[in-house]
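Residue numbering for the sequence shown follows our numbering, beginning at 809 and increasing consecutively. Here the structure is laid out as structure tokens; the discussion comes afterwards.
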Amino acid sequence: MMNTVKAVKNAIVCLVLLPRFLVAAVMFWLLDFLCIRKRVFFRMRRAHDEGDSIDPPLCISDSNRMCTVESLKAVWHGHKLDYLKAARLGRGAPNTEVVQLRDQRRGRVLDYARDRRPLVLNFGSCT
809 MMNTVKAVKN AIVCLVLLPR FLVAAVMFWL LDFLCIRKRV FFRMRRAHDE
859 GDSIDPPLCI SDSNRMCTVE SLKAVWHGHK LDYLKAARLG RGAPNTEVVQ
909 LRDQRRGRVL DYARDRRPLV LNFGSCT
């Protein structure tokens, strides 16, 4: 039963994210298309201005393209993380689990809040 609920939830998330992902994919493709088109026209104009100069053939490599499988995977993953995050602007902070460094005891963030005292969280590094 739990596997079915999880599968249905994942299917709904995919359906919600699909339009946003497709818009991002089309934008990447358009940016690639415009860059390639600009290079081709620049080369054609330069060849026309210089006469019969011998230029190497135009080669667009995969290393300078934006619409690749890796970039699309990253966009999908980013959209999914953004959709499934617990913290939202203007809403209450999630009461996430924390671990004490002294004794590795687990607790919740709001367990450390006291009456009439603000709870300050410092996210930083001590290097």
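A virtual CB, placed ideally from N, CA and C, is assigned to each residue, including glycine. Please read these numbers as outputs of a predicted model, since none were measured by experiment.
Selected residue, minimal CA-CA separation from residue i, among the options
i: R828; options: D911, H887, K817 and L842; result: H887
i: A945; options: V883, R853 and V816; result: The shown model of the chain, from 809 to 935, leaves out residue 945, and the question about it has no answer.
i: L892; options: V821, C843 and G900; result: V821
i: L927; options: R914, C934, Q912 and A901; result: A901
Sheet register partners of residue i (DSSP bridge)
i: R925; result: R922
Under 8 Å between C-beta atoms of residue i and residue j
i: S879; j: F836; result: yes
i: N930; j: R916; result: no
i: M874; j: L839; result: yes
Per-residue burial, residue i [other beta carbons within 10 Å of its own, 16 or more giving buried]
i: D870; result: Summary for D870: the model assigns pLDDT 48, below 50, so the residue's position carries little reliability, and this model does not support an answer.
Which full runs of the beta strand (DSSP E) of 3+ residues lie inside the stretch 874 to 919, going along the chain? Counting only runs of 3 or more, we get 905 to 907 and 914 to 916.
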